[in-house]
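Data first, discussion second: the structure below is written as structure tokens.
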């Protein structure tokens, strides 16, 4: 199994502005009265303070037991990774930090609505992983993995990397001392992340976390994936290609299937099933039956309007619908009632291993 090694490095250690208060911090930190050498966060707090990533809360105190807020964490990340923040007051610097952290993809949009709120452990660890470029994969992508919530899955990785204790609560609020330990770790340690199995030839031209794309590929029936691999096709995550195609077609595209290049191009994982529907149409030899079904039933089907533009889009969306709602009796009954011939055709195709 391929292993991904991530080593994160401190970008800038000589920044001038302090983290928590607008008062300047000494570059040669001599410690804080409330952070003795015996506490777990001592080494981390001193390290961050000496690098002027974090400062005290005044009166020679760091307040390690206080809960860290979104804006405090945001500014800490900006200091650590050399992202400039602006402002003459802490309020301005904090606001700037949240904006920049969001732009970098380290925080989501909810940070804007509650910048002074404390952070729960799963959100802070997820943010630390995003800043350090540590990929997080869904547990179900690994052999024997069980389904977990997003928060629990993040903590699963955090535990594996030694950032969280085995009994850590995903929803527990994080103190400033704990936050210092986590950031210190991601700045100074190497992490080995095991990549989950990839079922097809995948090219990540966009250089993004492939988690969502792998989850989408898991929805594709095994016989279709087998044919995809046997015929030498490639699944390519390529934002530039899709962007250029969108300009050429004067429409917003998130996926495309090139039969000549034997490649599915994707920018959003949600387009995966639809594009595999196009591949299956191709693998079946573009049957005339697809055109007949399109002409007979597409307009009365419950599919989106785009599916009604031509037979290829109709078949691709039928494939998406069948895979997505096959376990939903009401949805399937509605599909059967609206397009009985297409329903019978798709049922037979699925029963016969999708033509494999």
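Residue numbers (mature numbering (1 follows the signal peptide of the UniProt record, and there is no 0)): -27 to -1, 1 to 329. Each residue gets a CB set at the ideal place from its N, CA and C atoms; glycine is no exception.
Alpha carbon of residue i to alpha carbon of residue j, nearest angstrom
| i | j | result |
| --- | --- | --- |
| residue 53 | residue 156 | 9 Å |
| residue 274 | residue 209 | 31 Å |
| residue 207 | residue 184 | 17 Å |
| residue 164 | residue 102 | 11 Å |
| residue 59 | residue 67 | 9 Å |
| residue 257 | residue 307 | 26 Å |
| residue 130 | residue 100 | 13 Å |
| residue 56 | residue 237 | 36 Å |
| residue 128 | residue 167 | 16 Å |
| residue 29 | residue 15 | 13 Å |
| residue 65 | residue 17 | 26 Å |
Proximity of residue i and residue j at Cβ, strictly below 8 Å
| i | j | result |
| --- | --- | --- |
| residue 197 | residue 249 | yes |
| residue 126 | residue 173 | no |
| residue 187 | residue 158 | no |
| residue 38 | residue 150 | yes |
| residue 51 | residue 22 | no |
| residue 94 | residue 61 | no |
| residue 97 | residue 152 | yes |
| residue 231 | residue 215 | no |
| residue 270 | residue 323 | no |
| residue 169 | residue 114 | yes |
Same chain, Cβ closer than 6 Å to residue i, neighbours up to 5 away in sequence not counted
| i | result |
| --- | --- |
| residue 134 | 164 |
| residue 330 | The structure shown does not extend to residue 330, since the chain is modelled only from -27 through 329, so no value can be given for it. |
Same chain only: Cβ atoms within 7 Å of residue i, ignoring 5 sequence neighbours per side
| i | result |
| --- | --- |
| residue 34 | 5, 6 and 7 |
| residue 266 | 314, 315 and 318 |
Same chain, Cβ closer than 8 Å to residue i, neighbours up to 5 away in sequence not counted
| i | result |
| --- | --- |
| residue 246 | 189, 192, 193, 292, 293, 296 and 297 |
| residue 79 | 47, 50, 100, 103 and 104 |
Practice task
With a floor of 3 residues, list each beta strand (DSSP E) that falls wholly inside the stretch 247 to 292, ordered by position along the chain.
Solution key: none
Practice task
Kindly confirm or deny that the stretch 172 to 179 and the stretch 272 to 291 touch, where touching means at least three C-beta pairs closer than 8 Å.
Solution key: no
Handout entry: Three CB pairs or more closer than 8 Å across the stretch 286 to 298 and the stretch 312 to 328
Key = yes
Exercise for the section: State whether the stretch 185 to 200 contacts the stretch 219 to 226, with contact taken as three or more CB pairs (one from each stretch) at a distance under 8 Å. Expected result: no
Handout entry: Whole runs of the alpha helix (DSSP H) within the stretch 69 to 118, excluding any shorter than 4 residues
Key = Within the stretch 69 to 118, the complete alpha helix (DSSP H) runs of at least 4 residues are 83 to 86 and 94 to 105.
Practice task
Check whether the stretch 86 to 94 touches the stretch 37 to 47, taking contact to mean three or more Cβ pairs, one atom from each stretch, closer than 8 Å.
Solution key: yes
Practice task
Answer yes if the stretch 76 to 85 comes into contact with the stretch 139 to 151, meaning at least three C-beta pairs across the two stretches below 8 Å, and no otherwise.
Solution key: Touching, no, given that fewer than three Cβ pairs across the two stretches are closer than 8 Å.
Exercise for the section: Tell me the start and end of each unbroken alpha helix (DSSP H) in the stretch 187 to 242 that is at least 4 residues and wholly inside, in chain order. Expected result: 195 to 203 and 212 to 222
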